[in-house]
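With the numbering used here applied, the sequence shown corresponds to residues 41 to 446, in that order. Even glycine gets a Cβ: it sits at the ideal position worked out from N, Cα and C. Report on one structure; see the data block that follows.
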Amino acid sequence: MTGHRHPPGSGARTAPHRGAPLPHPRRGRLAAHGHSVFAEMSALAEQHDAINLGQGFPDTAGPDAIVEAAVRALRAGHHQYPPVPGLPGLRRAIADHQRHRYGLDIDPDRETVVTTGASEALAAALLALTTPGDEIVALEPFYDSYAACATLAGATLVPVRLHAPDFTLDTRELAAAITERTRILLLNTPHNPTGAVLASEQLHEVAALARAHDLLVISDEVYEHLVFEGTHQPIAALPGMFERTVTISSAGKSFSFTGWKVGWATGPADLVTAVREVKQHLSFAGGTPFQHAVADALRLPEEYFTAATDSLRRRRDLMTDGLRAVGFAVRPPRGTYFITADITPLGERDGMDFCRALPSRCGVAAIPHQVFYADPDAGRRYVRFAFCKRESVLHQALERLEKGLT
Ligand SMILES: *Cc1c(COP(=O)(O)O)cnc(C)c1O
């Protein structure tokens, strides 16, 4: 296995392997990132027949009309590879969505690329736009794939912590984290896991820093439609920002089709081309019938989006009140379908221990915040509950918590 690394006759080919250190340790590049706590908690939930408020996926399907559009696409025979950048009809729908919502003028041919979920767009953007040794500044706690993708790129993730109780960003701390090695500001608003939404003036301050230090911005906006107060504001729409920003979103969270894995990136042609060149060697292209359906989803009437947000806001309020009544310290999140609960008022200290015990103790599963932190200590007292479930299920989960914890 090592022969090709040595010139013939060097003797290395015949060197005994047993006991000798291998040139590469037999562990994957991501071995240090450890196991998935999402898989662990979901397995525990199953084992104990618990209500799974850990992993964030809805327990109801997206709109019927969109399911029908996918069925129609299948019946029409759309089974083969789509074009690498995505179906032209979907790219037009993405560009129209960005124009109509945010006033962004996007060329569907050169400034959009369709990906296998936002996950692939993030991976492709980070791999495309960094070189080894670069620093990526990201808000902490952060979505787990950010650190993994930074490692794959040979780049360093530099965390800037959001501060409890409302998980607010101190832009002076963001400024202090920027060095001459910083290449990218990786934003996520509305923010998973905290549910925080960057305030408009903060977004302007972040934009000013990006311009002053000539940084690229990767903006993960998969929760753009799940905002409970006001409307979502993309950083790409601020002055001087479009040309340095890759904006990422997906159909998963907006339309409750997390398993369809249709995502996209938009931005200036040179950055989008760079993303597409990497994506071409990751998935190449995929999801043809779903791409047809998502083009329709992006053109759903305003009432769909309003009703979806209203329904989620009710469930947010239900969870905020319910978790408070059980004894957690919580604040209502301003976006996403996650709520963060502080366990210390219950006399608990460690979110990981708490979440490992919760399925057997109460019949409910949650995710410990510490897995979203570079420094697990900083997240020890918090756990995340997903509330994208039917109201009856949330009521039942709250009853179980009440019974098991008080
Ligand atoms: C779910 C999620 C993603 C991944 O989106 P997919 O479309 O499922 O790949 C990316 N970023 C954040 C913050 C998420 O919560």
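Between residue 195 and residue 424, the alpha-carbon positions lie close to 28 Å from each other. The beta carbon of residue 238 sits closer than 6 Å to the beta carbons of 229 from its chain, once the five residues preceding and following it are set aside; these are given in chain order.
DSSP, read as helix, strand or coil, puts residue 96 in coil.
Beta-bridge analysis with DSSP links residue 424 to 380 and 407. The beta-carbon separation of residue 344 and residue 96, rounded to 20 Å, does not stay under the 8 Å limit for a contact.
Under the DSSP assignment, residue 396 falls outside any beta strand (DSSP E), being part of the alpha helix (DSSP H) whose first and last residues are 391-402.
Taking 3 residues as the minimum length, the beta strand (DSSP E) runs contained wholly in the segment 324-393 are 378-382, in order along the chain. DSSP places residue 175 inside the beta strand (DSSP E), whose first and last residues are 175-180. In this structure, residue 157 has its CB closer than 7 Å to one or more heavy atoms of ligand 1.
A Cβ-Cβ contact shorter than 8 Å links residue 333 with residue 106. Distance from the CA of residue 74 to the CA of residue 115, rounded to the nearest whole angstrom, comes to 42 Å.
Excluding its 5 nearest sequence neighbours in each direction, residue 311 has C-beta neighbours in its own chain below 6 Å: 286, listed in chain order. Taking a cut-off of 8 Å on C-beta distances, the segment 407-419 does not touch the segment 246-259, as fewer than three cross pairs fall below it. For residue 257, the closest C-alpha among the options 222, 110 and 295 is that of 222. Judged by DSSP in its simplified three-state form, residue 237 adopts coil rather than helix or strand. Contact holds between the segment 301-310 and the segment 140-160, because three or more Cβ pairs, one in each stretch, are under 8 Å apart.
In the DSSP assignment, residue 305 forms a beta bridge with 153 and 288.
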